[in-house]
Amino acid sequence: MITIFSGNFNLRQIADSGQCFRLKMLDDSQAYVIAGGRLLHIAEKGGGRLELSCNEAEYGSFWQDYFDMDSDYSVYIGAIDPGDDFLKKAAEFGRGIRILRQEPFETLISFIISQRKNIPAIQSSVEKLCRLCGKRIGEEAYAFPSPKALASLSEKELSDCSLGYRTPYVREAARRVEAGEADLDAMKKLSDEELYEELVSFYGVGKKVANCVMLFAYHRIGAFPVDVWIKRIEDGHYGGRFPVERYPGFAGVLQQYMFFYSRFEKER
DNA sequence: GTCCAGGGTAAGC
DNA sequence: GCTTACCATGGA
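In structure tokens form, the structure reads like this:
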């Protein structure tokens, strides 16, 4: 176990931010995260102190990058237009959110599944897939399936994970990656535009899902996914379109604050 | 029972 | 280029 310190880090907020479907809260300050075939326990101890159930080497080689610990989020928040009261409130409310660096394959499949589902339903489908063909890495803990494992599932097995009409989308994406027709790792070196074009070339991946994969897997924090929640905000607060050009290269971070804030607001 | 969800595709204009 | 019907399912 190691102890680290971080500002702008709140487990509950990250868990509820809709970017990751494999972060499970145990109580208000503890969680399990499954990523990269690893299982991590995190506990928040107050004052920005975090206890992680890994050693220094594993932190340095994986989790530090996963949680984007080298970025200072106060810089993004500080760049917000002082006249934009809505965005200032949203950022203040969700200031513990960080943009994770998740695995491209898991993110691609998860967000293909996400279309027209609410977050609990997405988590449920992803969990079923992992239990069905992901490697067991702990008590009741399963890694996200490999492309090979996912590509070998039958249509019925996939369908039984409540994928509905998305079943062929998932199947084809897994097959294409497994066959080497798309190299998700090699795509890391592409420009934003090239990466976007590669992603939307997947059957079942459109503008919104491609932007989510860019933001949450490839850490292209300028990507700005527009779903029904963000569209509602754009219409209600920005005359139909958020001024992404005012925040060159990091509008995606602000998008997360707004998404999280608006979902909370709706709950009351 | 009804409404809605981190949308995309294909067909039609 | 821009609309529109249709898609399956579960959570609230």
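Residue numbers (the numbering used here): 11 to 278.
All residues carry an ideal CB built from backbone N, CA and C; glycine is no exception.
These numbers come from a predicted model, not from an experiment.
7 angstroms Cβ cutoff met for residue i and residue j
{"i": "residue 18", "j": "residue 83", "result": "yes"}
{"i": "residue 76", "j": "residue 111", "result": "yes"}
{"i": "residue 209", "j": "residue 187", "result": "no"}
{"i": "residue 115", "j": "residue 200", "result": "no"}
{"i": "residue 97", "j": "residue 107", "result": "no"}
{"i": "residue 168", "j": "residue 177", "result": "yes"}
{"i": "residue 153", "j": "residue 184", "result": "no"}
{"i": "residue 58", "j": "residue 122", "result": "no"}
{"i": "residue 147", "j": "residue 49", "result": "yes"}
{"i": "residue 263", "j": "residue 231", "result": "yes"}
{"i": "residue 298", "j": "residue 117", "result": "Outside the shown range of the chain (11 to 278) lies residue 298, about which nothing can therefore be said."}
Counted within 10 angstroms of its Cβ, other Cβ atoms place residue i as buried (16 or more) or exposed
{"i": "residue 155", "result": "buried"}
{"i": "residue 268", "result": "buried"}
{"i": "residue 128", "result": "exposed"}
{"i": "residue 219", "result": "buried"}
{"i": "residue 261", "result": "buried"}
{"i": "residue 23", "result": "buried"}
{"i": "residue 233", "result": "buried"}
{"i": "residue 36", "result": "exposed"}
{"i": "residue 255", "result": "exposed"}
{"i": "residue 46", "result": "buried"}
{"i": "residue 216", "result": "exposed"}
{"i": "residue 2", "result": "There is no way to answer for residue 2, as the model of the chain reaches only from 11 to 278."}
{"i": "residue 211", "result": "exposed"}
{"i": "residue 130", "result": "exposed"}
{"i": "residue 54", "result": "buried"}
{"i": "residue 266", "result": "buried"}
Residue i versus residue j: straight-line alpha-carbon distance, rounded
{"i": "residue 142", "j": "residue 109", "result": "28 angstroms"}
{"i": "residue 137", "j": "residue 95", "result": "38 angstroms"}
{"i": "residue 29", "j": "residue 172", "result": "20 angstroms"}
{"i": "residue 15", "j": "residue 159", "result": "37 angstroms"}
{"i": "residue 64", "j": "residue 40", "result": "15 angstroms"}
{"i": "residue 189", "j": "residue 157", "result": "9 angstroms"}
{"i": "residue 120", "j": "residue 13", "result": "31 angstroms"}
{"i": "residue 246", "j": "residue 61", "result": "40 angstroms"}
{"i": "residue 21", "j": "residue 203", "result": "32 angstroms"}
{"i": "residue 72", "j": "residue 229", "result": "15 angstroms"}
{"i": "residue 66", "j": "residue 11", "result": "8 angstroms"}
{"i": "residue 99", "j": "residue 92", "result": "11 angstroms"}
{"i": "residue 257", "j": "residue 102", "result": "17 angstroms"}
{"i": "residue 239", "j": "residue 270", "result": "9 angstroms"}
{"i": "residue 166", "j": "residue 133", "result": "19 angstroms"}
{"i": "residue 33", "j": "residue 27", "result": "11 angstroms"}
{"i": "residue 42", "j": "residue 174", "result": "28 angstroms"}
{"i": "residue 241", "j": "residue 81", "result": "28 angstroms"}
{"i": "residue 225", "j": "residue 145", "result": "26 angstroms"}
{"i": "residue 251", "j": "residue 244", "result": "5 angstroms"}
{"i": "residue 149", "j": "residue 253", "result": "46 angstroms"}
{"i": "residue 56", "j": "residue 105", "result": "15 angstroms"}
{"i": "residue 249", "j": "residue 124", "result": "27 angstroms"}
{"i": "residue 88", "j": "residue 274", "result": "22 angstroms"}
Bridge partners - residue i, DSSP secondary structure assignment
{"i": "residue 51", "result": "42"}
{"i": "residue 13", "result": "61"}
{"i": "residue 56", "result": "59"}
{"i": "residue 35", "result": "41"}
Open item on the list: Quick check on the DSSP output: what are the complete beta strand (DSSP E) runs of length 3 or more inside the stretch 130-180, in order along the chain?
Closed with: Scanning the stretch 130-180 from its first residue to its last, the whole beta strand (DSSP E) runs of 3-plus residues come out as 146-148.
Open item on the list: Runs of 4 residues minimum, wholly inside the stretch 82-117: which ones carry the alpha helix (DSSP H) assignment?
Closed with: The stretch 82-117 contains these whole alpha helix (DSSP H) runs: 83-88 and 95-103.
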